Structure formats: structure tokens, C-alpha cells
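So for the sequence shown, numbering that gives the first Met the number 0 puts the first residue at 0; every next one is plus one. A short worksheet on the structure shown next.
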Amino acid sequence: MAEPNNKPQEFETLQLHAGQVPDPTTNARAVPIYASTSFVFNDANHAADLCSLKASGHIYSRIGNPTVDVFENRMAALEGGAAAIATASGQSAQFLAISTIASAGDNIIST
0 MAEPNNKPQE
10 FETLQLHAGQ
20 VPDPTTNARA
30 VPIYASTSFV
40 FNDANHAADL
50 CSLKASGHIY
60 SRIGNPTVDV
70 FENRMAALEG
80 GAAAIATASG
90 QSAQFLAIST
100 IASAGDNIIS
110 T
């Protein structure tokens with residue numbers, strides 16, 4: 000086994016590998032596409048904790064799934080950010096960006 004390398008990875012390497020580790024069972028390097036629409040809850044309390052954001056995990060694929068997690072982590076690494084959020088459309092991305100800086104009653108002018 001090779002010795003760990005602590006130097007920062009180049010941009011090209013991050014494009015391929017950031018946000019994901021090989022699957023420990025299959026040793027697959029590629030990110031799998033999770034086609035599941037729903038995820039299993041351990042019990043009702045686990046479901047309640049996930050839905051109230053007290054615990055992290057997946058509830059429904061349109062909200063997020065392991066494939067999207069890798070994408071968000073990879074984008075954050077490529078941009079040098081702490082985290083990233085993937086949205087379903089550009090309009091929802093714009094709304095999130097504006098609503099984080101605007102307060103109730105603020106006027107927003109856009110063209």
C-alpha cells in the first residue's frame with residue numbers, strides 16, 4: 000500500500016475524485032447512481048429526527064441522495080468552499096442566494 004500523500008490535490012485530480020471514496024465492498028472507483036426514490040428509516044424516531052434535521056441522512060431522492068452528496072462535495076472542493084448545495088434549477092439557486100441576504104419587507108430589483 001502506498002504511503003499517504005498530504006500535499007493538496009491538483010484541480011484535475013479533484014475533478015475526478017473529490018467527495019467520494021472507493022466503495023469498500025466492491026472497490027469501485029466510479030460514483031454509483033442511486034435510483035432509489037425513498038430510503039429506509041430505522042424506526043419512527045429515526046424518521047422524525049431526519050425530517051426535523053436533528054440527524055443527517057436521506058429521506059427522499061428529490062431532496063437529496065448519495066449521488067448528489069458526492070456532487071456537492073466535489074463542487075465545494077473544486078471551488079475551495081466549505082460546502083455546496085445542488086438545486087434542481089437555476090431559478091431555485093437564485094432564490095436561495097437572494098433569500099439568504101434579503102429580509103422580510105426588503106425590495107428586490109432584478110432584470
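Glycine included, each C-beta is placed from N, C-alpha and C at the ideal position. Quantities reported herein were computed from a predicted structural model and do not represent experimental measurements.
CB of residue i within 9 angstroms of CB of residue j, strictly
| i | j | result |
| --- | --- | --- |
| Ala-46 | Ile-32 | no |
| Phe-38 | Gly-56 | yes |
| Thr-86 | Ala-92 | yes |
| Ser-35 | Asn-64 | yes |
| Glu-71 | Ala-82 | yes |
| Arg-73 | Leu-13 | yes |
Reduced DSSP category for residue i - H, G, I as helix; E, B as strand; rest coil
| i | result |
| --- | --- |
| Ser-91 | helix |
| Ser-60 | coil |
| Phe-10 | helix |
| Ser-102 | coil |
| Ala-83 | coil |
| Ile-107 | coil |
Own chain, CB closer than 6 angstroms to residue i, minus 5 neighbours either side, in chain order
| i | result |
| --- | --- |
| Asp-48 | Ala-54 |
| Pro-21 | Arg-28 |
| Ala-75 | Ala-82 and Ala-83 |
Presumed contact (8 angstroms Cβ cut-off) between residue i and residue j, rounded CB distance
| i | j | result |
| --- | --- | --- |
| Phe-10 | Leu-95 | Not quite, the Cβ-Cβ distance comes to about 26 angstroms (not below 8 angstroms), so this is no contact. |
Residues near residue i in its chain [Cβ-Cβ closer than 7 angstroms; skip 5 each side]
| i | result |
| --- | --- |
| Ile-107 | Ile-97 and Ala-101 |
| Val-30 | Gln-19, Thr-66 and Val-69 |
In chain order, what are the residue ranges of uninterrupted alpha helix (DSSP H) at least 4 long that sit wholly in the segment 14-81? Secondary structure within the segment 14-81: the alpha helix (DSSP H) runs of 4 or more consecutive residues, fully enclosed, are 43-50 and 65-78 (chain order).
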